[in-house]
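Report on the following structure.
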Amino acid sequence: MDEDEFAICIACQCPVKDGDLYYEDVTEGPLHAACCGPEPESYHRNGEPLKPGDPIPEPEIYRSLRRLHS
Numbered sequence: 004m005d006e007d008e009f010a011i012c013i014a015c016q017c018p019v020k021d022g023d024l025y026y027e028d029v030t031e032g033p034l035h036a037a038c039c040g041p042e043p044e045s046y047h048r049n050g051e052p053l054k055p056g057d058p059i060p061e062p063e064i065y066r067s068l069r070r071l072h073s
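Position in the sequence shown counted from 1, then plus 3, gives you my numbering.
Shown next, in the form of structure tokens:
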């Protein structure tokens, strides 16, 4: 992604901005934490589905390339 481009949430199609809580889908891209449902089937850990009883992973805080390079 070019540092002038915005990351786009794969669920709501809105920009993912610095400071937003998000998850990274290993094949599709970023996803706002607020766009994820409560179902464990919606989440993965290291590209693998969660096992029964696994806790839902904590979201990450988004930092854009522009911010990292400034």
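From the three backbone atoms N, C-alpha and C, an ideal C-beta is built for every residue, glycine too.
In terms of Cα proximity to residue 48, the closest of 18, 37, 16, 62 is 62. Cβ-Cβ distances below 6 Å link residue 32 to 13 in the same chain, with the five nearest sequence neighbours on each side left out; the list follows chain order.
Following the DSSP letters along the chain, one finds residue 23 in no beta strand (DSSP E), marked with neither H nor E. CA-to-CA, the gap between residue 43 and residue 50 works out to about 14 Å. Assignment of residue 41 by DSSP, reduced to helix, strand and coil, places it in the coil class. Its Cα nearest to that of residue 59, the residue 36 stands out among 67, 66, 36, 65.
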